Ligand SMILES: NC(=O)c1ccc[n+]([C@@H]2O[C@H](COP(=O)([O-])OP(=O)(O)OC[C@H]3O[C@@H](n4cnc5c(N)ncnc54)[C@H](OP(=O)(O)O)[C@@H]3O)[C@@H](O)[C@H]2O)c1
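In the working numbering, the protein residues as written are 1 to 296.
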């Protein structure tokens, strides 16, 4: 079995490679955008780092040669001067799909987000929805896995959470009254392993979220408690944050924007969690938080 992973240096990619590095029945080509990123990848006999350029299809095809399955992880929430939703989320996905077709790849797995839709008002959700359509209409058997905020050592979500929990007071967007379904990155890797190591005949979209709905303010307090402290959670009014972010992101050409704030503060809800269908056991939130705190 051979897998090709794009965005292999992402936090999800690094976690997944750590899981895969134990499995010598699988050969993995780990695609990243520059040789500098090779250093971020776990070293193992079955992992071959390779540079890919999304506007050079030949480089993508080389990475996918002989691959049974492509796991497309590259993608962003926070735009920068050099990377925006159109390039990172949509064009990169189109390039990956085109190369996968040319290399007769049998299965594409794409990580999307809860709330993705090509018709969404929010530009991030819209870009992920458009990318989903590119994948699901590719003619290749595909699995779209929509996920909520991901938590685990090394994730962006974990560093904001621990920062907020350090207290004694912490002001967060809207007082953290929105509901999240945080998913442990180890659970996501377990799901990706199951999906990628089994052949796929059809195209499907699954939503995989963590075991417990929790308001962000309660998640902060729970993290503080596990740290042996207490934190008072205050409010940054969402409209104030949006106004400030509109100005700074325009000046900086990226960063936190009103679009990102809408994503962060939207409730994460699903009709049906795919954990049972995938046969994975979800880590309780405290288990995830303890792993994060141990790694600090
Ligand atoms: N983290 C979450 O809470 C969360 C939630 C839902 C869905 N997801 C999705 O899960 C996937 C992995 O997320 P993550 O948080 O692990 O990612 P991450 O650590 O932020 O890494 C982002 C990856 O995307 C690549 N990238 C950035 N701009 C690009 C461009 N213009 N073209 C191609 N690649 C580009 C980066 O490469 P460089 O290092 O070269 O810039 C890196 O490999 C993403 O698709 C993300 O949208 C994440």
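C-beta: ideal position from N, C-alpha, C; glycine also.
None of these values were measured; they are calculated from a predicted model.
Assuming residue i and residue j are in contact, meaning their beta carbons sit under 8 Å apart, how far apart are those beta carbons, in whole angstroms?
i: residue 200; j: residue 280; result: Not confirmed; about 17 Å, so no contact.
i: residue 207; j: residue 131; result: Going by Cβ atoms, the distance from residue 207 to residue 131 rounds to 16 Å, so no, they are not a contact pair.
i: residue 235; j: residue 294; result: Actually they do not touch by this definition, with Cβ atoms about 31 Å apart.
i: residue 21; j: residue 42; result: 5 Å
i: residue 260; j: residue 52; result: The pair is not a contact, with the Cβ atoms about 26 Å apart (cut-off 8 Å).
i: residue 203; j: residue 146; result: Incorrect: roughly 14 Å between the Cβ atoms, too far for contact.
Between residue i and residue j, what straight-line distance do the alpha-carbon atoms span, to the nearest angstrom?
i: residue 270; j: residue 46; result: 36 Å
i: residue 165; j: residue 240; result: 22 Å
i: residue 211; j: residue 288; result: 11 Å
i: residue 181; j: residue 151; result: 10 Å
i: residue 168; j: residue 143; result: 43 Å
i: residue 292; j: residue 220; result: 13 Å
i: residue 72; j: residue 109; result: 6 Å
i: residue 238; j: residue 157; result: 19 Å
i: residue 246; j: residue 92; result: 26 Å
i: residue 97; j: residue 135; result: 7 Å
i: residue 222; j: residue 173; result: 18 Å
i: residue 106; j: residue 4; result: 12 Å
i: residue 66; j: residue 2; result: 7 Å
i: residue 224; j: residue 94; result: 42 Å
i: residue 163; j: residue 153; result: 13 Å
i: residue 195; j: residue 114; result: 19 Å
i: residue 133; j: residue 175; result: 35 Å
i: residue 155; j: residue 189; result: 14 Å
i: residue 112; j: residue 226; result: 31 Å
i: residue 38; j: residue 161; result: 28 Å
i: residue 262; j: residue 35; result: 34 Å
i: residue 8; j: residue 30; result: 5 Å
i: residue 258; j: residue 178; result: 16 Å
i: residue 216; j: residue 276; result: 25 Å
i: residue 129; j: residue 69; result: 21 Å
i: residue 251; j: residue 149; result: 27 Å
i: residue 64; j: residue 218; result: 43 Å
i: residue 6; j: residue 193; result: 15 Å
i: residue 87; j: residue 278; result: 31 Å
i: residue 214; j: residue 284; result: 12 Å
i: residue 10; j: residue 25; result: 23 Å
i: residue 248; j: residue 282; result: 38 Å
i: residue 19; j: residue 89; result: 25 Å
i: residue 242; j: residue 254; result: 14 Å
i: residue 296; j: residue 286; result: 15 Å
i: residue 28; j: residue 44; result: 10 Å
In the DSSP assignment, what residue or residues form a beta bridge with residue i?
i: residue 27; result: 2
i: residue 112; result: 146
i: residue 255; result: 79
i: residue 215; result: 179
i: residue 16; result: Per DSSP, none; premise fails for residue 16.
i: residue 288; result: None; residue 288 has no bridge partner.
i: residue 232; result: 169
i: residue 50; result: 31
i: residue 204; result: 143
i: residue 70; result: 4 and 108
i: residue 151; result: 184
Taking 8 Å as the threshold (beta carbon to beta carbon), is residue i in contact with chain B?
i: residue 172; result: Judged by its chain identifiers, the structure shown contains no chain B, having just a single protein chain.
Next item on the list: Decide if the region 258 to 267 is in contact with the region 110 to 129; the criterion is three or more beta carbon pairs, one per stretch, under 8 Å apart.
Entry: Note that the region 258 to 267 touches the region 110 to 129; at least 3 beta-carbon pairs, one per stretch, sit closer than 8 Å.
Next item on the list: Decide if the region 3 to 19 is in contact with the region 180 to 187; the criterion is three or more beta carbon pairs, one per stretch, under 8 Å apart.
Entry: The answer is yes - the region 180 to 187 touches the region 3 to 19, with three or more Cβ pairs under 8 Å.
Checklist line | Meets three-Cβ-pair contact criterion under 8 Å: the region 126 to 140 and the region 89 to 102 | finding: Contact between the region 126 to 140 and the region 89 to 102 is present: 3 or more CB-CB pairs across the two stretches fall below 8 Å.
Check: Does the region 57 to 67 come within contact of the region 223 to 239, defined as at least 3 CB pairs closer than 8 Å?
Finding: No, they do not touch.
Check: Should the region 79 to 87 be called in touch with the region 109 to 119, which here means at least 3 C-beta pairs below 8 Å?
Finding: In this structure the region 79 to 87 does not lie against the region 109 to 119, because fewer than three pairs of beta carbons, one per stretch, are closer than 8 Å.
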